[in-house]
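Protein chains in written order, with the numbering used here: chain V, 1 to 255; chain B, 256 to 519. All C-beta atoms in this analysis are idealised placements derived from N, C-alpha and C, irrespective of residue type, glycine included. All of these numbers come straight from a predicted model, not from anything done at the bench. This report refers to the structure that appears directly beneath it.
This is how it looks when you write it as structure tokens:
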């Protein structure tokens, strides 16, 4: 639970005042829900360059260059920021390795400006606890995505997962449709499957948000009819094919 | 009372593609167009408020895009709303989110809506930048990644749910007028009826150029968020593909699963 609530007006004013005083070349933010809500506004109000969801940063000569993924991760785009003294970058989590040693920055105080926020925190609502399993603790998972097609098709994958001794998970559209409870959703707005050792992804193309919750799993097996699906770039084993036909055949091996 | 809903025609890359001669984007011959998925939800959210208000609220879709982007407006109008707005100029071909936000701010100045609903992001370039940049340009309050809206005409504030990491929800209120960026799953977007699709063809779409909005290409270029140096196909990992008949693939998968389970 966050300790203090996020107010975009207050955060923007504080970062802009600091940028005005210290004239940084780069302002780095994590690419998180809160920064989606204010980093672009800082850039716009400050007249700064801006790139979001950055996966690599480098200098080419004197030019700052940022790399980000586009077109469902199929391509990368390299951008620079001509004539910008300050650049805002929001950086994708878990793409940069943390340094081994701590730095020793000179820490100084800076008084944040007084700002009247035009948003007001009311309350936090915890995700629904359905008394269902806690997928963050599951070691073996079978997850279904959009490829499952219809609600009545979900049950057969639940049965398959059970026969494998795997826990059933899903990607966002399945939970949004109410076909499986939110507590089964893997990904940025669902759960990260921290204990998972084997993850079977069926009919999941692999959005950035889904992969954020499972790409660390050592053994990922992907079954998808689209050979170009992003999920195959992080999977150890892949089958390009129909998830229903594969499931049908798999059943015979685990009954 | 009025809700303005900026929507976008997105590009989807074909399985095999080539880059444009300048190497800065995919050759348009290898791009298909689609409506942005997030915008189905933002438009639905606006229509639901309009219907609950019983005629007190007008919903206006707007897009910044070339001629064929009119499709995404018609797609909206087939579900509801009486008119759309399309802004285009050849200077907008490679426009960055900051430039689009400046254009939309001029549309807002003309239309004077009470609320603006954008999608949280668009799935082709995934900046998640335009809605919040628009709010900043307007000086309006804004809330991003919204999954619930409680507002009716005349309310000075809207009560919202915003989705944080891990499924945590924060309930917040925001002063209106405001810009909200809408997240997937906030509602169940309707499908247009055949009658709606037919009627949408007759609904007016206003077309504005940059000059109509008092903007110039040079001005927008100066305010660009970034400059594209190049695009390229990244080197990525690749799964070991299991070939064969379905039966053979399943047998191999079963063996792999058993081995992984046994080894763990």
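A straight-line Cα-Cα distance of about 13 Å links residue 459/B and residue 453/B.
At a Cβ-Cβ threshold of 8 Å, residue 430/B and residue 416/B do not count as neighbours. Here the region 380–395 of chain B makes contact with the region 349–367 of chain B; the two share three or more CB pairs at distances below 8 Å. Neighbourhood of residue 264/B in chain V, by CB distance below 7 Å: empty, with the nearest CB roughly 14 Å away.
Only buried fits residue 140/V, as 16 or more other CB atoms lie within 10 angstroms of its CB. A distance below 8 Å between beta-carbons, with the five flanking residues on each side excluded, links residue 368/B to the following residues of its chain, in chain order: 257, 258, 259, 315, 432. Taking all protein chains shown into account, residue 502/B has fewer than 16 neighbouring C-beta atoms within 10 Å of its C-beta and is therefore exposed.
In this structure, the alpha-carbon of residue 7/V lies about 27 Å from that of residue 299/B. Approximately 19 Å separates the beta-carbon atoms of residue 9/V and residue 123/V; this is outside 8 Å, ruling out the contact.
Note on geometry: alpha-carbon atoms of residue 65/V and residue 58/V lie some 5 Å from one another. Here residue 211/V carries a helix assignment [DSSP, helix/strand/coil].
When C-alpha distances from residue 111/V are compared across 230/V, 208/V, 18/V, the shortest belongs to 18/V. In the three-state DSSP reduction, residue 151/V falls in the helix class (H, G or I). Put simply, the backbone Cα of residue 34/V is about 30 Å away from that of residue 487/B. Secondary structure at residue 382/B: coil, using DSSP grouped into helix, strand and coil.
Scanning the region 13–61 of chain V from its first residue to its last, the whole alpha helix (DSSP H) runs of 4-plus residues come out as 33–36, 39–46. Neighbours of residue 232/V across chain B, judged by C-beta separation under 9 Å: 491, 492, 493, 494, 496. For residue 396/B, there is no enclosing beta strand (DSSP E), since its DSSP letter is neither H nor E. Here DSSP, grouped into helix, strand and coil, assigns residue 108/V to coil. Nearest neighbour of residue 173/V by Cα position, chosen from 155/V, 45/V, 149/V, turns out to be 149/V. Among the residues of the region 431–446 of chain B, those with a Cβ less than 7 Å away from any Cβ of chain V are 439, 440, in the order of the chain. Between residue 133/V and residue 167/V, the C-beta spacing is below 8 Å. For the region 375–387 of chain B, the residues whose beta carbon sits under 9 Å from a beta carbon of chain V are, in order, 375, 376, 378, 379, 380, 381, 382, 383, 384, 385, 386, 387. For residue 418/B against residue 189/V, the beta-carbon gap comes to about 6 Å, under 8 Å, which counts as contact. Looking at the DSSP output, residue 428/B bridges to 120/V, 414/B.
Leaving aside the five residues that flank residue 54/V on each side, the residues in its chain whose CB is nearer than 8 Å to its CB run, in chain order, 31, 66, 67, 68, 89, 90, 91, 92. Residue 370/B and residue 302/B have their alpha carbons spaced roughly 13 Å apart.
Only 79, 80, 81, 82 from the region 79–108 of chain V bring a Cβ to less than 7 Å from some Cβ of chain B. Where residue 169/V is concerned, the enclosing beta strand (DSSP E) starts and stops at 167–170. In the DSSP assignment, residue 352/B falls within the alpha helix (DSSP H) that extends over 352–366. Rounded to the nearest angstrom, the gap between the Cα atoms of residue 341/B and residue 317/B is 6 Å.
When rounded, the separation of the alpha-carbon atoms in residue 16/V and residue 42/V is 6 Å. Looking only at 375/B, 349/B, 309/B, 266/B, the smallest Cα-Cα distance to residue 476/B is reached by 349/B. In this structure, residue 222/V places its C-beta atom within 8 Å of the C-beta atom of residue 201/V.
Of all residues in the region 112–129 of chain V, only 117, 118, 119, 120, 121, 122, 123, 124, 125, 126, 127, 128 place a beta-carbon less than 9 Å from a beta-carbon of chain B. A straight-line Cα-Cα distance of about 56 Å links residue 153/V and residue 23/V.
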